[in-house]
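Numbering (this note's numbering), first residue to last: 195 to 339.
Okay, structure first, notes after.
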């Protein structure tokens, strides 16, 4: 591992752990994404994680708080890290090709297909509380369908 890769691993470790500690399964390889998504049943919340400030100050906290407060938890919590696990992220994005690449972003999966997507532009220009409410609302609809 070169010095840059080692440096970036240290930088992103707490960003990864923030979601993993909230119950997310981190998918770091193309194979792990394919294996998981091809067998996935039920509902899933998928976070395309990112190093940027809107991921740290808005997306990750909003996701964690929405999950803490909702009764409609998805069956699966998954995450890939854009810019870090490039192949895994590219493969995950292939599961919702109709959506332009965006990170951070939040995908909601139900019964083998994308049911809702929150792109970066709906994260970076919002307050954390608004994003949390948006996620909570989608989770209620996802669970009630």
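Just so you know, even glycine gets a beta-carbon here, dropped at the ideal spot from N, CA and C.
Item                                                                                                             : Value
Bridge-paired residues (DSSP) for residue 220                                                                    : 273
Nearest-angstrom Cα separation, counted from residue 245 out to residue 329                                      : 20 angstroms
Which of helix, strand or coil DSSP assigns to residue 264                                                       : coil
Cβ neighbour criterion (16 or more within 10 Å) applied to residue 325                                           : buried
Whole-angstrom C-beta distance between residue 224 and residue 281, which should lie under 8 angstroms           : 4 angstroms
Near the ligand SAH: residue 334 beta-carbon under 7 angstroms from a heavy atom                                 : Absent from the structure shown: the ligand SAH. Ligands present: none.
In chain order, each alpha helix (DSSP H) run of at least 4 residues that lies wholly inside the stretch 284-319 : 315-318
CB of residue 291 within 8 angstroms of CB of residue 253, strictly                                              : no
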